[in-house]
Amino acid sequence: MTGLRERWRLKAMRAIQERALDLFDEKGFGAVTIEEIAAAAEVSPSSVYRIFGTKEGIVVTDIEFDTMSPEALEGILAPEDPVGSLVRAVRAYESAPGAAGGPEAGRGPWRRIRYFFAEPSVRMAVCAMLDRASQRVAPLVASAGRLSETQARVATNALTFGYFAALEQWYLDGGSRPIADYVEEGLRPLRGIWS
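The UniProt record's numbering puts the sequence shown at residues 1 to 195.
Spelled out as structure tokens, the structure:
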């Protein structure tokens, strides 16, 4: 069970992220300040900086993944089938209440993801985030014993950055099909690594 402080932090993270996206949608990413985001989320600017660091950090932070313990990550990622695990996680995310919505809805996954590709500074932050995610996942992939540490690192980078490429194709196609379909199709060539 999470403590009171951690529950407050997660609630604040969600509020800051939602209010920031509201402002970005309304005014444009570049026109919004951290101070405006803080006021809209009813927190101090120092809280926004402490939790996210930058505006880009607000957009790229995946609150569930980034706050996940190593044990919880192990429960989601099957080291013997990381591609299948990732596709299942994306399908679960997309089917969660409130996650539906394409570009026309301005909600759901589209809301954050479109900034990954529309704002160059956000794209750079996403690449850094993917690198950190790959570093978290590589030891789990290596733990299956099928790949050396070097192979696990390379395969995990192919997995995480391949996921990003699938997201980009989804964005370029206008979000017309489920993200998981793009992830499954795009990562299909990587399945051979673990078969």
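Ideal placement from N, C-alpha and C gives every residue a C-beta, glycine not left out.
Sorted by chain position, which residues of the same chain lie with C-beta nearer than 7 Å to residue i's C-beta, five sequence neighbours on each side aside?
i, result
"L21", "R111, R112"
"V48", "I16, I34, I37, A38"
"T156", "S134, V137, A138, V141"
"V90", "I179, A180, V183"
"V43", "A12, I16"
"L130", "T160, F161, F164"
Is the Cβ of residue i closer than 8 Å to any Cβ of chain B?
i, result
"E42", "In summary, chain B is missing from the structure at hand, where a single protein chain is found."
Counting C-beta neighbours from all protein chains within 10 Å, is the total for residue i 16 or more, i.e. buried, or is it exposed?
i, result
"G57", "buried"
"R114", "buried"
"R19", "buried"
"E184", "buried"
"A152", "buried"
"K55", "buried"
"W170", "buried"
Among the residues of its own chain, which have a CB less than 6 Å from the CB of residue i, if the five just before and after it don't count?
i, result
"V83", "L187, L190, R191"
"V60", "A125, V126, M129"
"P103", "Here the model assigns P103 a pLDDT of 47, short of 50, so the residue's position is not dependable, and the following value carries that caveat. Within the same chain, P103 has close Cβ partners W110, G174, G175."
"A78", "S85"
"E119", "F29"
Only counting the same chain, and skipping five residues up and downstream in sequence, which positions put a Cβ closer than 8 Å to that of residue i?
i, result
"L23", "V32, E36, I37, A40"
### Query
Taking only runs of the alpha helix (DSSP H) that begin and end inside the UniProt domain "HTH tetR-type" (10-70), which ones reach a length of at least 4 residues, in chain order?
The UniProt domain "HTH tetR-type" (10-70) contains these whole alpha helix (DSSP H) runs: 34-41, 45-52, 55-60, 63-66.
### Message
At 3 residues or longer, what runs of the beta strand (DSSP E) sit wholly inside the region 118-144?
### Response
Counting whole runs of 3 or more residues, the region 118-144 contains no beta strand (DSSP E) stretch at all.
### Query
Residue ranges of each alpha helix (DSSP H) run of no fewer than 4 residues wholly in the region 151-187, ordered along the chain?
Fully enclosed alpha helix (DSSP H) runs of 4 or longer: 179-187.
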